[in-house]
Ligand SMILES: [Ca+2]
Ligand SMILES: [Ca+2]
């Protein structure tokens, strides 16, 4: 019985040890940690071609910025920056594919709501 168990274990090891390349079974998300074991990077493969196309960078475990290759040509074309509260603050985009930012988006809706909420709070307190 013992010999059989050992044989079975040996037979299973190569399967478990093989990285998930090919067969369309690459891991969709890879997490990397800093020396303090805080989350440092999250790499995602959103279109299952076994190439990472979304990268999130963390500082002290909080998202600081993200980079995305939205058209999957291997070149980053969207950069997202986060606030200290881990909210997306602004987005930069390369829409022409030359590697240079040509579009800037700020979350004006969020800013507007925030200003409105402040106004309402002030109004309510009068
Ligand atoms: Ca991909
Ligand atoms: Ca791209």
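In our numbering, the protein residues as written are 836 to 961. Every residue, glycine too, gets a C-beta built ideally from N, C-alpha and C. Bear in mind that the values here come from a model prediction, so they are computed numbers and not experimental data.
Problem - Extent of the continuous beta strand (DSSP E) to which residue 936 belongs - result: From DSSP, residue 936 is part of no beta strand (DSSP E); its letter is neither H nor E.
Practice task
Tell me residue 902's beta-bridge partners as DSSP assigns them.
Solution key: 890, 914
Problem - Distance cut-off 6 Å: residue 877 Cβ against heavy atoms of ligand 1 - result: no
Problem - Proximal residues to residue 855 (C-beta, below 7 Å), its chain only, five neighbours per side dropped - result: Caution is warranted here: a pLDDT of 48 is assigned to residue 855, below 50, making its placement in the model unreliable, and the coordinate value is therefore given only provisionally. Correct list, in chain order: 861, 862.
Practice task
Go ahead and label residue 864 buried or exposed: buried means 16 or more other beta carbons lie within 10 angstroms of its beta carbon, across all protein chains shown.
Solution key: exposed
Problem - Under the three-state DSSP convention, the category residue 956 falls into - result: helix
Handout entry: Buried or exposed (CB count within 10 angstroms, at least 16 for buried), residue 912
Key = buried
Problem - beta strand (DSSP E) segment containing residue 875, residue limits - result: 874-879
Practice task
Provide the residue span of the beta strand (DSSP E) that contains residue 924, from first to last.
Solution key: 923-928
Exercise for the section: Using the Cα positions of residue 908 and residue 891, report the straight-line distance between them to the nearest angstrom. Expected result: 18 Å
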